[in-house]
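Each residue of the sequence shown is one higher than the last, beginning at 1 in the numbering used here. The block underneath contains the structure these notes are about, expressed in structure tokens.
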Amino acid sequence: MDCGIPFCQSETGCPIGNIIPKWNELVFCDQWYDALQRLLMTNNFPEFTGRVCPAPCEGACTLGINELPVGIKSIECAIIDRGFAEGWIKPCPPTKRSGRTVAIIGSGPAGLSAADQLNKAGHLVTVYDRNDRMGGLLMYGIPNMKLDKRLVQRRIDLMAAEGITFVPNAHVGKNVDAQELRAAHDAVVVATGATWPRDLPIPGRKGAGVHFAMEYLQLNTKSLLDSELQDDKYINAQGKHVIVIGGGDTGNDCIGTAVRHGAASVTNFELLPQPPQERAKDNPWPQFPRVFKIDYGHEEADQQYGKDPREYCVLSKEFVRDETSGQLQGIKTVRVEWTKDESSGRWAMQEVPGSEQFFKADLVFLSMGFLGPEEALIRQLDVKTTRTSAIETPKGKYTTSVPGVYAAGDCRRGQSLIVWGINEGRQAAREVDQALTGSTQLPISGGLVERNYKQWEEIMEPGQQGLAATAKVVA
Numbered sequence: 001m002d003c004g005i006p007f008c009q010s011e012t013g014c015p016i017g018n019i020i021p022k023w024n025e026l027v028f029c030d031q032w033y034d035a036l037q038r039l040l041m042t043n044n045f046p047e048f049t050g051r052v053c054p055a056p057c058e059g060a061c062t063l064g065i066n067e068l069p070v071g072i073k074s075i076e077c078a079i080i081d082r083g084f085a086e087g088w089i090k091p092c093p094p095t096k097r098s099g100r101t102v103a104i105i106g107s108g109p110a111g112l113s114a115a116d117q118l119n120k121a122g123h124l125v126t127v128y129d130r131n132d133r134m135g136g137l138l139m140y141g142i143p144n145m146k147l148d149k150r151l152v153q154r155r156i157d158l159m160a161a162e163g164i165t166f167v168p169n170a171h172v173g174k175n176v177d178a179q180e181l182r183a184a185h186d187a188v189v190v191a192t193g194a195t196w197p198r199d200l201p202i203p204g205r206k207g208a209g210v211h212f213a214m215e216y217l218q219l220n221t222k223s224l225l226d227s228e229l230q231d232d233k234y235i236n237a238q239g240k241h242v243i244v245i246g247g248g249d250t251g252n253d254c255i256g257t258a259v260r261h262g263a264a265s266v267t268n269f270e271l272l273p274q275p276p277q278e279r280a281k282d283n284p285w286p287q288f289p290r291v292f293k294i295d296y297g298h299e300e301a302d303q304q305y306g307k308d309p310r311e312y313c314v315l316s317k318e319f320v321r322d323e324t325s326g327q328l329q330g331i332k333t334v335r336v337e338w339t340k341d342e343s344s345g346r347w348a349m350q351e352v353p354g355s356e357q358f359f360k361a362d363l364v365f366l367s368m369g370f371l372g373p374e375e376a377l378i379r380q381l382d383v384k385t386t387r388t389s390a391i392e393t394p395k396g397k398y399t400t401s402v403p404g405v406y407a408a409g410d411c412r413r414g415q416s417l418i419v420w421g422i423n424e425g426r427q428a429a430r431e432v433d434q435a436l437t438g439s440t441q442l443p444i445s446g447g448l449v450e451r452n453y454k455q456w457e458e459i460m461e462p463g464q465q466g467l468a469a470t471a472k473v474v475a
């Protein structure tokens with residue numbers, strides 16, 4: 001690889017610091033086994049990130065300055081898939097046990113990566129999850145057509161064979177007491193994710209037909225796994241006019257699921273303007289490109305209904321219901337425009353007079369993000385939280401206000417990416433191992449992990465001006 005500085009593994013690139021040029025080069029040299037070993041040094045679950053990660057590494061790729069970036073994500077997926085196909089990936093339980101016990105609450109990306117790392121360190125790890133299947137967001141939050149659940153179960157089975165204990169149907173804070181769990185283990189890692197959804201409290205909100213996006217996706221996946229959608233225990237969009245409020249990956253997944261159900265129409269409301277086709281001046285490389293993209297849900301809806309489902313700058317004002325039956329009939333909306341205050345740099349939203357519009361809807365799915373972890377667990381553990389409802393930890397640390405209790409993933413950092421969850425779980429595991437044994441051999445993140453920006457005046461001769469960047473490289 002002749003990248004110059006490989007920004008793909010910088011802080012604007014891969015959050016887990018994958019040493020991408022090394023395994024790319026090994027694949028080029030047809031050294032697939034060595035590429036797999038290099039990849040697994042920094043990423044516990046390439047079969048997940050190689051399929052559902054938005055690939056910030058590709059947004060930071062140096063080749064992307066002038067042409068399309070290297071297809072890093074597809075190469076990563078090919079490496080791990082070949083590893084399983086060749087039989088190179090086998091259970092590898094630790095040779096020695098420390099005798100220390102750790103409870104992991106939540107089996108999403110952060111919980112699983114923390115469990116995997118702590119098990120490698122020799123600790124006895126038990127993972128608790130509220131669902132009937134393990135995997136958290138990976139199992140029930142992402143549709144099967146996007147992430148095959150057989151891949152998730154394969155990884156769970158592999159980890160169980162390596163000595164990790166999994167306890168399903170264990171909703172800590174409800175049917176499992178958090179304080180009893182804490183007393184029974186040497187350490188507890190909270191990795192429940194940010195599952196408290198943001199609501200839309202406008203007139204007509206209460207009543208049938210309006211659901212949170214995750215309710216829709218989770219019920220659909222569970223019914224699919226339990227009965228191939230034959231048990232009728234899911235929200236069926238067949239023949240219905242569907243509106244998804246909010247974009248992002250979750251909104252796109254709702255669109256794709258509704259299309260597969262055979263919805264009569266699918267419309268997606270976005271409050272913000274349509275992103276530009278190319279990078280804006282305030283979004284330079286190697287930042288993640290905030291540009292217009294067409295994901296699988298948008299493409300499938302376009303093919304099915306003849307147009308892109310997205311409507312931009314739309315503010316929902318009221319859910320309209322039948323006065324007698326209360327049945328949802330549609331949504332009253334208004335268009336908005338965004339203006340920037342040049343003095344403060346802040347953007348303000350204003351309604352456009354005369355732009356009121358009614359959209360027919362039988363089903364509405366709210367996909368407007370998440371606020372934080374569930375309150376029941378937080379109350380029982382009595383950990384401090386931030387103003388955004390996330391679990392509070394010192395900067396760059398994973399210890400909570402309660403001794404022996406740690407937090408990792410979206411419950412600590414807020415709604416984020418799967419790859420960030422994996423990174424948080426790995427780093428929290430390192431901190432737990434250090435506390436339990438007095439030292440640790442678990443790795444830190446690789447790549448370019450720190451860049452300090454300084455004025456030229458601080459590092460150059462007097463009279464020279466501008467900005468400079470220095471990078472600290474961690475092998």
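The C-beta atom is built at its ideal place from N, Cα and C for all residues, glycine as well.
Per the Cβ contact rule, the stretch 229-240 is not in contact with the stretch 268-276 (fewer than 3 Cβ pairs under 8 angstroms).
By the criterion of a C-beta distance shorter than 8 angstroms, D253 is surrounded in its chain by I142, P143, K146, A213, L217, G297, once the five residues flanking it on both sides are discounted. Excluding its 5 nearest sequence neighbours in each direction, E47 has C-beta neighbours in its own chain below 6 angstroms: I80, L151, listed in chain order. The continuous beta strand (DSSP E) containing K340 extends over residues 328-340. Our two residues, L138 and G122, have alpha carbons roughly 25 angstroms apart in a direct line. Inter-residue distance for L442 and I16 is about 14 angstroms (C-alpha atoms, whole angstroms).
At a Cβ-Cβ threshold of 9 angstroms, G135 and K149 count as neighbours. The residue from V210, E228, V189, T267 with its alpha-carbon nearest to that of D199 is V210. Here L68 is exposed. Its C-beta has fewer than 16 other C-beta atoms within 10 Å. Around the C-beta of V242, 16 or more other C-beta atoms lie within 10 Å, and the residue is accordingly described as buried.
Between V125 and A115 a beta carbon distance of about 5 angstroms is seen, short of the 8 angstroms cut, so the two are scored as contacting. DSSP lists V336 as the bridge partner or partners of E351.
Proximity to T95 across W338, G163, A78 peaks at G163, based on C-alpha coordinates. Around the Cβ of E76, a 10 Å sphere holds 16 or more other Cβ atoms; the residue is buried. Between the stretch 315-325 and the stretch 283-303 there are fewer than three inter-stretch CB-CB distances shorter than 8 angstroms, so the stretches are not counted as touching. Under the Cβ criterion (8 angstroms, minimum of three pairs), the stretch 345-362 counts as touching the stretch 323-335. In this structure, DSSP gives N268 an extended state, which the three-state scheme calls strand.
DSSP links I245 through a beta bridge to F269, L366. Annotation for Q434: T440 place their beta carbon closer than 6 angstroms to its own, counting only its chain and skipping 5 residues before and after.
For A103, the enclosing beta strand (DSSP E) starts and ends at 101-105.
Here the alpha carbon of P168 sits roughly 13 angstroms from the alpha carbon of Y140. Exclusion of the five residues before and after R379 leaves G173 as the residues of its chain whose Cβ lies within less than 8 angstroms of its Cβ. Secondary structure note for Y312: its beta strand (DSSP E) is the uninterrupted segment 310-312. A distance below 8 angstroms between beta-carbons, with the five flanking residues on each side excluded, links W196 to the following residues of its chain, in chain order: F370, L371, G372, P373, E374, E375, S389. The three-state secondary structure of Q277, taken from DSSP, is coil. Distance from the CA of K222 to the CA of I444, rounded to the nearest whole angstrom, comes to 36 angstroms. The straight-line gap separating the alpha-carbon atoms of C53 and S416 is approximately 11 angstroms. Annotation for M368: R198, G246 place their beta carbon closer than 6 angstroms to its own, counting only its chain and skipping 5 residues before and after.
Distance from the CA of G87 to the CA of G71, rounded to the nearest whole angstrom, comes to 25 angstroms. Its chain contains A114, V189, Y398, Y406, A408 as the residues whose beta carbon lies nearer than 7 angstroms to that of A428, once the 5 sequence neighbours on both sides are disregarded; these appear in chain order.
Among the bridge pairs identified by DSSP, T126 is matched with A103, T165. It is roughly 6 angstroms from the alpha-carbon of G251 to the alpha-carbon of V244.
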